[in-house]
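Here the protein sequences line up with chains C and W, keeping their order. All residue numbers for the first sequence refer to the numbering used here, where the first residue is 1 and numbers rise by one. All residue numbers for the second sequence refer to the numbering used here, where the first residue is 1001 and numbers rise by one. Virtual Cβ for every residue (Gly too), placed ideally from N, Cα, C.
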Amino acid sequence: MNSSLLLSITTFIYGLSAVLYLISWVFKKKGPGRAAFFSLALGALLNAGGIVLRWVESYQLGIGHAPLSNLYESLVFFSLTIAVFYIFIEWRYQNPTIGVFASPLSFLSMAYASLSPNISDHIQPLIPALKSNWLIAHVVTCFLGYSALAIAFGISIMYLFKLTERGQKYRMLQSFPDSRSLDELNHQMVMVGFLFLTAGIITGAVWANSAWGSYWSWDPKETWSLITWFIYAAVLHARMMRGWHGRRIAWLCIFGFFAVLFTYFGVNLLPGLHSYGQ
Amino acid sequence: MKKNNVKSGAIHRAWDFFTSMKLTVTVLLCLAATSVVGTLIPQNEAPTFYFHQYGKFFYRLLMATGLDNMYHSWWFQLLMLLLFVNIIACSVHRLSSMWKVIFNKSPRVNPERFRKLENRIEIEVNERLDSLQKPYTDIISKRFRRHASEKTDKGFYIYGEKWRLSRLGVYVVHASVLVLLIGALIGSLLGFDGFVNIPEGKSVDQIMLRKTQKTLPLGFAIRCDDFDVTFYETGAPKEYRSKLSIIRNEKVLLTRDIIVNRPLRFGGVNIFQASYGEVPGEKHVAGDLASKKIRLNIVDRHTGKTITQELSMGGTAALPEGSGFFLIKEFKESADFRGQEIGEAFLGLLMEKGKDPVEVLLPLRYPNFDKMRGGHHVFSLENIDDLLVSENKEPVYYTGLQITRDPGVWVVYSGFILMLIGFGVTFFMSHQQVFVEVTPSGKKCRVMLAGISNKNTIGMERKLKKLSAAL
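See below:
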């Protein structure tokens, strides 16, 4: 048993969980919903196990480091954080329909990591710039932020669906939490995501200052993280503006998540300091 | 009198403008949108780069709008300033109205306010009135730091309140943004950011500044005693290590190894391992240029037709179709173009028929330099390799160091800490007030619970449900 195999199994379990959530929603059955929750929890356990195993393996190779150093490892960690956040939400809100929009994100992230031919799953030694204690703090905070914002994205989509209800009841949408709860939950996730995004930018800035001598140098990844930060700061303030509750906020959150995705993936297309993220 | 009104009207309007949330959201989204542009257009490149990359029209546009260095352009800084003013104005505006709520020593409880709340819960309890007061007060006082109990006409009420100061969290966040901006300003005014390459065994006492391309004396010398780069089996770099000595008045003050992520800090100056390279067998201008022949390419911009003329220093070459002459006037050891150092160059004089003579620079290190001039003919040197000769010796490495000084860094770091604390308070704590009223109804008691929270109203509802279960 090695970490790659364990993480491949995780991919399928996440996939299974996403399908079960869908079945439970479409057919309005409790059973598949419970099964979906347990398989997601199992997936998260295996996911975490895979990460730990990979950490151990890197030490066995003599190049020991936390498995948070390249795109493959970050995607694996991303799907774990999404799953953990969602498990917390379902435990607290007891509504499995949110899982329909959250669990596929975990699955897609893992599937992309495992299946994309451009992403190497080899354990690579750390290049000099990454040899720092800030690596773990920076990556963990960033991805906690990204995943909270990913879930806010899912909830925003649910919210927009829910709004189409208007008077006539669509059977499919009835099981969604009411729009007020979705809006509130969305706000909570944006707050958590924004806090961790900020912490991620801060740890990155402190790290950059100790590695390159400047806490901010307008490198594309830094700039895109700041763009994302500006967008979500606008989201938080827009809630206090008249007429900006609900629909517009949801759209802004969806838009913001695309900025997150570009910060994460798109920046690799531009030159800069984070080029090892490829 | 009337004049005065108009004036105060304008001030009011300005105040309304700067305290509006719309301005905040607009500025934030504008900052986001404009920042995108700076990640698409490479920043801080030489003017020649933009000219070749984007062509003449966009080159002029970029230079005029400052998009080549947009994060330091006046309009981007104006947006930042607008945010700065907006934050101050909003905070002053809201804090002045919040002040009484936050720092009220003895707040008066207004029962009517709670009785009208929509989130109120009413339950019936099978107990007598006086047997409830003590346990209920205990429950509330355990959960709420500030609490009060009052008799009403028929029964009593208990009021609980906590985390009132959490209302200040948002101002802490706003203050932290101001601290960050001030720290950045201190850094850009009093700090510097430069680099220097030191070959092994050599020492330097001045560095090149990134922004202005000027040199700056350090007040001490850095000597590179040794540089090492090691690689993994895969060929990826493992470690860059420079052994550096700090020397002042010919005395070695300290010697230390630096690697990436472990800089050397000395007297407020930070020295970082940034890059390395092989010292190129230094290129020199070959011997006596007077004796060298120069081969000059003349390209017609429109037809692309090229002719090559051979001439020596002081000589002239005829332009095609008898349209004029080109004279090699002199050789410059270090020529300068719009304040940019461009190295060795020939200075020529272009004399076209019916036009004033124009000076033309032919730098040895930028072969296609003259394209940028946009003239009818483009001049270039064909035999640069003859003129610049490299001396190939044993490879010598140099270490590339990033040298910075930033007295604002601790201000920025305190801003970071302040911001995280502020977020913690703003996002996860809210000013909560609950109200429990008990009135007798027959042999039983009617208990009404209601609560106010300055945010997270759904959380308050959940809290009230929990509380009602406890009562």
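**Report entry** Buried versus exposed call for Lys1003(W) [16 or more other C-beta atoms within 10 Å across all chains shown]
**Finding:** Unreliable placement is indicated for Lys1003(W), whose pLDDT of 48 sits below 50; the coordinate value is still reported in the next sentence. Exposed: under 16 other Cβ atoms inside 10 Å.
Query raised in the report: Quick one: is Met1001(W) buried, meaning 16 or more other Cβ sit within 10 Å of its Cβ, or exposed?
Result: The predicted model places Met1001(W) with a pLDDT of 41, which falls under 50 and marks its position as unreliable; any figure quoted below should be read in that light. Burial call: exposed.
Query raised in the report: Does the separation of the CB atoms of Tyr1050(W) and Leu1062(W) fall below 8 Å?
Result: Cβ distance < 8 Å, so Tyr1050(W) and Leu1062(W) count as in contact.
**Report entry** Integer-rounded CB distance, given that Leu182(C) should sit under 8 Å from Lys162(C)
**Finding:** With a Cβ gap of about 6 Å, Lys162(C) and Leu182(C) count as contacting.
Requested in this report: Determine, using beta-carbon pairs with one atom in the stretch 178 to 196 of chain C and one in the stretch 1375 to 1390 of chain W, whether at least three such pairs fall under 8 Å.
Outcome: With fewer than three CB-CB distances shorter than 8 Å, the stretch 178 to 196 of chain C does not count as touching the stretch 1375 to 1390 of chain W.
Query raised in the report: When we look at the beta-carbon of Pro125(C) and count the other beta-carbons within 10 Å, is it buried (16 or more) or exposed?
Result: Buried.
Query raised in the report: Apart from the five residues just before and just after Val1478(W), which ones in its own chain have a Cβ nearer than 6 Å to its Cβ?
Result: Nothing can be reported for residue 1478(W): it is not among the residues displayed for chain W, which extend from 1001 to 1471.
Report task. Measure the Cβ-Cβ separation of Ser210(C) and Pro1367(W) and say whether it is below 8 Å. Result -> Between Ser210(C) and Pro1367(W), the CB-CB gap reaches or exceeds 8 Å.
Query raised in the report: If you pair each beta-carbon of the stretch 1191 to 1202 of chain W with each one of the stretch 1158 to 1176 of chain W, do three or more pairs fall below 8 Å?
Result: Touching, no.
Report task. Compare the beta carbon distance of Ser1468(W) and Gly1459(W) with 8 Å and say whether it is the shorter of the two. Result -> For the 8 Å CB-CB criterion, Ser1468(W) and Gly1459(W) do not form a contact.
Query raised in the report: Helix, strand or coil for Gly1324(W) per DSSP?
Result: DSSP places Gly1324(W) in strand when its eight states are reduced to three.
Query raised in the report: Of all Cβ atoms in chain W, is any one closer than 8 Å to the Cβ of Pro67(C)?
Result: Contacts with chain W at 8 Å (Cβ-Cβ) do not include Pro67(C).
Query raised in the report: Hey, how far is the Cα of Gly1400(W) from the Cα of Ala129(C)?
Result: Approximately 14 Å between the Cα atoms of the pair.
Requested in this report: State yes or no: is the beta carbon of Gln278(C) nearer than 8 Å to at least one beta carbon in chain W?
Outcome: Any reading at Gln278(C) must be qualified, since the residue scores a pLDDT of 37, below 50, and its modelled position is unreliable; the value itself is stated next. No, Gln278(C) lies away from the interface with chain W (no Cβ there is under 8 Å from its Cβ).
Query raised in the report: Would you call the stretch 1087 to 1094 of chain W and the stretch 1114 to 1134 of chain W in contact, with 3 or more CB pairs under 8 Å?
Result: No: fewer than three Cβ pairs fall under 8 Å.
Query - chain C within 8 Å of Leu1216(W), Cβ atoms only - result: No, Leu1216(W) does not count as interfacial toward chain C.
Query raised in the report: Smallest Cα separation from His1147(W): which of Asn1104(W), Thr1457(W), Gln1433(W)?
Result: Nearest to His1147(W) by alpha-carbon distance, out of Asn1104(W), Thr1457(W), Gln1433(W), is Gln1433(W).
Query raised in the report: beta strand (DSSP E) containing Arg1241(W): first to last residue?
Result: Segment 1237 to 1248, the beta strand (DSSP E) holding Arg1241(W).
Query raised in the report: Would a check of beta-carbon distances place His138(C) closer than 8 Å to chain W?
Result: At a cut-off of 8 Å between beta-carbon atoms, His138(C) makes no contact with chain W.
Report task. Leaving out five residues on either side along the sequence, give the residues of the same chain with a beta carbon under 7 Å from the beta carbon of Ile1271(W). Result -> Listed in chain order, the non-local C-beta contacts of Ile1271(W) below 7 Å within the same chain comprise Ile1222, Leu1244, Ile1258, Pro1263, Leu1264, Leu1401, Ile1403, local neighbours out to five positions each way being set aside.
Query raised in the report: Of all the beta strand (DSSP E) runs that stay within the bounds of the stretch 1167 to 1251 of chain W, which reach a length of 3 or more residues?
Result: Counting whole runs of 3 or more residues, the stretch 1167 to 1251 of chain W contains the beta strand (DSSP E) stretches 1192 to 1199, 1203 to 1209, 1215 to 1231, 1237 to 1248.
Query raised in the report: Which residues mark the beginning and the end of the beta strand (DSSP E) in which Arg1265(W) is found?
Result: Unbroken beta strand (DSSP E) run through Arg1265(W): 1264 to 1266.
Query raised in the report: Taking 8 Å as the CB-CB limit, is Ser132(C) close to chain W?
Result: Yes, its Cβ sits closer than 8 Å to a Cβ of chain W.
**Report entry** As assigned by DSSP and simplified to three states, the class of Lys1293(W)
**Finding:** Note: Lys1293(W) maps to coil in three-state DSSP.
Query raised in the report: Going along chain C in order, which residues have a C-beta closer than 9 Å to the C-beta of Pro1237(W)?
Result: Residues of chain C whose Cβ lies closer than 9 Å to the Cβ of Pro1237(W) are, in chain order, Ile127, Pro128.
Requested in this report: Following the continuous beta strand (DSSP E) through Glu1124(W), name the residue where it begins and the one where it ends.
Outcome: Start and end: 1121 to 1125.
Query raised in the report: Quick one: which chain W residues come within Cβ less than 8 Å of Phe230(C)?
Result: Under the 8 Å cutoff, chain W gives Leu1028, Leu1029, Leu1031, Ala1032, Ser1035.
Requested in this report: Have a look at Gly277(C) and Asp1016(W) and give me their C-alpha separation to the nearest angstrom.
Outcome: Residue placement at Gly277(C) is flagged as unreliable, the pLDDT there being 41, under the threshold of 50; the coordinate-derived value follows with that caveat. Looking at the two C-alpha atoms, the distance is approximately 45 Å.
Query raised in the report: If we ignore side chains and look at the alpha-carbon of each, how far apart do Leu1185(W) and Val1411(W) end up?
Result: Cα to Cα, the separation comes out at about 10 Å.
Report task. Go to Tyr282(C), then tell me how far its alpha helix (DSSP H) extends in each direction, as first and last residue. Result -> With chain C covering only 1 through 278, there is no way to say anything about residue 282(C).
**Report entry** CB contact check: Val1204(W) to chain C, cutoff 8 Å
**Finding:** Chain C, which has no Cβ nearer than 8 Å to the Cβ of Val1204(W), makes this no.
Query - Residues of the stretch 1257 to 1268 of chain W with Cβ closer than 9 Å to any Cβ of chain C, in chain order - result: Here the close residues are Ile1259, Val1260, Asn1261, Arg1262, Pro1263.
Query raised in the report: In its own chain, which residues sit with a C-beta less than 6 Å from the C-beta of Ala1405(W), not counting the 5 before and 5 after it?
Result: The residue you asked about is not Ala; residue 1405(W) is Arg in the sequence shown. Once the five neighbours on either side are set aside, the close Cβ partners of Arg1405(W) are Gly1191, Phe1192, Gly1268, Val1269.
**Report entry** First through last residue of the alpha helix (DSSP H) which encompasses His1503(W)
**Finding:** Given a span of 1001 to 1471 for chain W in the structure shown, any question on residue 1503(W) remains unanswerable.
Query raised in the report: Sorted by chain position, which residues of the same chain lie with C-beta nearer than 6 Å to Phe258(C)'s C-beta, five sequence neighbours on each side aside?
Result: So the list is empty, once near-sequence residues are dropped.
Query raised in the report: CB-CB under 6 Å to Gly1187(W), same chain, minus the five flanking residues each way: which ones, in chain order?
Result: For Gly1187(W), where only same-chain residues beyond five positions count, the Cβ hits under 6 Å are Asp1406, Gly1408.
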